[in-house]
Amino acid sequence: MKNTIKMLNKSLLASSIAMLLSSGVAVAKSDDFHKLYQDNCASCHGSDHGGYLAPALNSATLKGRSPTSLRTIVMAGSFDTLMPPFYGKLSDDEIRGVIKHLQETPKQPNPAWTIDDMKKSLKVYVKDESTLPAKPTFQIDDKFENLIGVAARGKYGRGEGSKAIFINSSTHQKVGEVPTGTAAHIIDFNPANPRWAYVKTDTAEIFKVDLYSMQAVRSIKTGWNGPGMGVSRDGKYIMAGSFVPHNAVILNADTLEPLKTFELEGTDPDGKHVSSDSGMIIGTPYADIFAIALENAGQVWVIDLNKEGFPVTRIENVGRHLHDAFLTHGGKKLMIASYDDSIVAAIDLEKREIIKKLEAGCVPHVGGGSAVKVDGRTLGFGTNFGDCDKTVVSVWDLDKMEVVKQVPVSGGTESPAAHANAPYVAVDIISKDRRARTVQLIDKKTLEVARTLDVGGHAYFPEYSADGKFLYISAGYNGDEVVVYDSNTLQKVASVPMESPAGIFSRGRVKYMTRGLSPDEMEQSK
Amino acid sequence: MKMTHFIVSLLAGLLAAGSAQATSLYVGQAKAGAVCAQCHGIRMPSADAPFPPLGGRDPEYLKTAIKQYRDKTRKSDIMNAIAGSLTDAEINDIAAYYGSVKP
């Protein structure tokens, strides 16, 4: 019987090969191109064809575009963007085929990824965690603070180059690499247990990483696309949110098992009921809650973790197209950026209401945000894409909740870095020309640009080491290295090569809550 | 006497100009970043890329190869197109830059 099946399979295989050969790629089914799109393009362009880090590719957005020019972009890549050259990776027929497929395919309506899909995707790489080493297996300080994680995207946003890379920030030596399959986007450290970190990819997988042995112990796919992730202050829960589909999930941080999903929808500031992408998700040191931004609905939801069923408090009308945020006042206040209103809204997480909306330049993207104490004032720093003419970094007095200054910088910015012990707030200039190579340093006291560093590549995501002695900067997709500077002299001290590095995450973040604050700030949360 | 002096200084000037013209790693890096790195990487191509590494290769070999691609004596549709617009000076700078890189 077995033999017959084998025979049958063999003949089936043979005939399918014959069919494939005779039919050729020319008549390859649209299913194949759907798969080809999902396997090569969707991690950046969105599984629903609606765009994500990269533009939407569907029948509406590509209408009237010349297939020849699209083919050139796919083959050669797009200079000064993340778009890699697919020449040699995809055949000419595949490239022509996928372009035709995209020009015929409408944006998909919110493809589902349910809690059951998540459960099925759970992978366990280390069954018995008690077999893991009790201490770090590499040289690092006793407090395990001088650890920096870099989200290396890999040239193609997937493959061997995609990994989370960890560096000892006092020696600038690589101490571990965790392959992530697709581009790593966010690294969060467990605030309660130093050994665990969580890495989220652009295809919404979350890896639980044992930092002591530098390996993934578990992973789960929480959606199709989306970087949103936060860890609760007790280290027991993770919340993850997706762009595709429009949902979020709370996971058990230990097992990564999904506990509850949330459909993200609500009434937007214009009164329309909309389904929404997930923006930032953040845990706070002052309470057992998560805050999540609903990008399109313009709402912030506060979720109580120690109440039955994880109830949601909705804060509406926060701003149009919310994205990222940072905490202040011991984690009781949240500063959240609205792209379309060009404001940062200050939210009181205790009272669960909006305090004030502050001017924030033009298309604010605060990255992880930064806050520093200067001459008795706590100043918040907010970067912005600056898609209009105004390229400034906003500085707010976080106690008075008012704008102190809008510091002119040389271009659009994406992420500010600060440290209590470092004299400068670093901002990455992302304007797509020679300025993209640079990072500007704003003097904390004078609030003026004091220096411009020519980092090379597409320099972005600056981050100080936990002790504030070194400034780490990703040279991005045109640089393929992380460059390290002395925070005071601004002399280049090291380079760590890797493929398309992006976000840099110091383990110091769990100590400072928001970059630039001193650990004393955390006391306010108690 | 005056003439000799003139010739000597002319020669010195030519030599100086010559060495300034020779190669510039900085210009090479910028040109490599704009033309080559998309596929071949700044140091190394992507682990997933089907392209050969250029970093650490012999500059003379690189110069010869790029010129052959430019002059179409070595065939490759994509390389003939990309190298087609490069000048000798640019090729020298690019080759010197990649030759100087430790892979």
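From first to last, the protein sequence lines are chains A and B.
With the numbering used here applied, the first sequence corresponds to residues 927 to 1452, in that order.
With the numbering used here applied, the second sequence corresponds to residues 5 to 107, in that order.
Note that the Cβ used here is the ideal one computed from N, Cα and C, for glycine as well.
Under the three-state DSSP convention, the category residue i falls into
i         : result
B:VAL31   : helix
A:LYS1466 : Since the first residue shown for chain A is 927 and the last is 1452, residue 1466 of chain A is missing from the structure and cannot be characterised.
A:LEU1284 : strand
B:GLU94   : helix
A:ARG1435 : helix
A:HIS1255 : helix
B:GLY37   : helix
A:LYS1186 : strand
A:MET1165 : strand
A:GLN1332 : strand
B:MET83   : helix
B:ALA100  : helix
B:PRO63   : helix
A:THR987  : coil
B:PRO107  : coil
A:VAL1381 : coil
A:HIS1199 : strand
A:ALA1428 : strand
A:ASN1310 : strand
A:ARG1303 : strand
A:VAL1289 : coil
A:LYS959  : In the sequence under discussion, the amino acid at residue 959 of chain A is Phe, which differs from the Lys named in the question. In the structure shown, A:PHE959 sits in a helix (DSSP, three-state: H, G or I).
A:TYR1403 : helix
A:GLN1029 : helix
A:SER948  : With a pLDDT of 41 at A:SER948, under the threshold of 50, the predicted position of this residue should be treated as unreliable, though the coordinate-derived value follows. Helix at A:SER948.
A:GLU1279 : strand
A:LYS1046 : helix
A:VAL1024 : helix
A:ALA1213 : strand
A:GLY1442 : coil
B:SER89   : coil
A:GLN1417 : coil
Environment of residue i [buried if 16+ CB atoms lie within 10 Å]
i         : result
A:ASP1194 : buried
A:LYS1045 : exposed
A:CYS1314 : exposed
A:HIS1199 : exposed
A:ARG880  : Lying before the first or after the last residue shown, residue 880 of chain A is absent from chain A, which here runs from 927 to 1452.
A:VAL953  : For A:VAL953, the pLDDT reaches just 48, beneath the cut-off of 50, and the residue's location in the model is therefore unreliable, although a value from the coordinates is still provided. A:VAL953 is exposed by the Cβ-count criterion.
B:TYR65   : exposed
B:ASP81   : exposed
A:SER956  : exposed
A:PRO1171 : buried
B:ALA85   : exposed
A:ASP1128 : buried
A:VAL1270 : buried
A:GLN1417 : exposed
A:ASN966  : buried
A:GLU1340 : buried
A:THR1372 : exposed
A:VAL1238 : exposed
A:PRO1062 : buried
A:ALA1110 : buried
A:ASN1347 : exposed
Cβ separation of residue i and residue j, assumed to be a contact under 8 Å, to the nearest whole Å
i         : j         : result
A:LEU1073 : A:ILE1066 : 6 Å
A:PRO1388 : A:ALA1362 : Not really, about 14 Å apart at Cβ, beyond 8 Å.
A:GLY1338 : A:PHE1311 : 5 Å
A:LEU1185 : A:ALA1219 : That belief does not hold up - the Cβ atoms of A:LEU1185 and A:ALA1219 are roughly 21 Å apart, past 8 Å.
A:GLU1242 : A:GLY1192 : 7 Å
A:SER1204 : A:GLY1083 : Not quite, the Cβ-Cβ distance comes to about 20 Å (not below 8 Å), so this is no contact.
B:GLY32   : B:ASP97   : 4 Å
A:PRO1342 : A:THR1309 : 5 Å
A:VAL1319 : A:VAL1335 : 5 Å
A:ASP1114 : A:GLY1156 : 7 Å
Any non-hydrogen atom of the ligand SAM closer than 8 Å to residue i Cβ
i         : result
A:ASP1196 : With respect to the ligand SAM, the structure offers nothing, as it holds no ligand at all.
Could you pull out every unbroken beta strand (DSSP E) segment of at least 3 residues lying fully inside the region 1224–1251 of chain A, listed in chain order?
1225–1230 and 1238–1241
How do the region 986–996 of chain A and the region 1026–1041 of chain A stand: do at least 3 beta-carbon pairs fall below 8 Å, yes or no?
yes
Does the region 970–982 of chain A come into contact with the region 1097–1105 of chain A, if we say contact requires no fewer than three beta-carbon pairs (one atom in each stretch) closer than 8 Å?
no
Considering only residues of the region 1062–1116 of chain A, which uninterrupted beta strand (DSSP E) runs meet the minimum length of 3 residues and lie entirely inside it, listed in chain order?
1073–1078, 1089–1094, 1099–1105 and 1110–1115
Any 3 or more C-beta pairs closer than 8 Å across the region 68–82 of chain B and the region 1035–1043 of chain A:
no
Within the region 1337–1364 of chain A, note down every full beta strand (DSSP E) run reaching 3 residues or more, in order along the chain.
Within the region 1337–1364 of chain A, the complete beta strand (DSSP E) runs of at least 3 residues are 1339–1343 and 1350–1355.
Under 8 Å, with one C-beta from each stretch per pair, do the region 1378–1387 of chain A and the region 1319–1328 of chain A reach the 3-pair mark?
The region 1378–1387 of chain A makes no contact with the region 1319–1328 of chain A: fewer than 3 CB pairs, one atom from each, lie closer than 8 Å.
Counting pairs of beta carbons, one from the region 1128–1137 of chain A and one from the region 1157–1174 of chain A, are three or more of them closer than 8 Å?
Contact between the region 1128–1137 of chain A and the region 1157–1174 of chain A is established, with three or more Cβ pairs separated by less than 8 Å.
Given 8 Å, three or more beta-carbon pairs between the region 1252–1272 of chain A and the region 1391–1404 of chain A
Result no; under three Cβ-Cβ pairs closer than 8 Å.
Should the region 54–64 of chain B be regarded as contacting the region 1409–1428 of chain A, the criterion being three or more beta carbon pairs within less than 8 Å?
no
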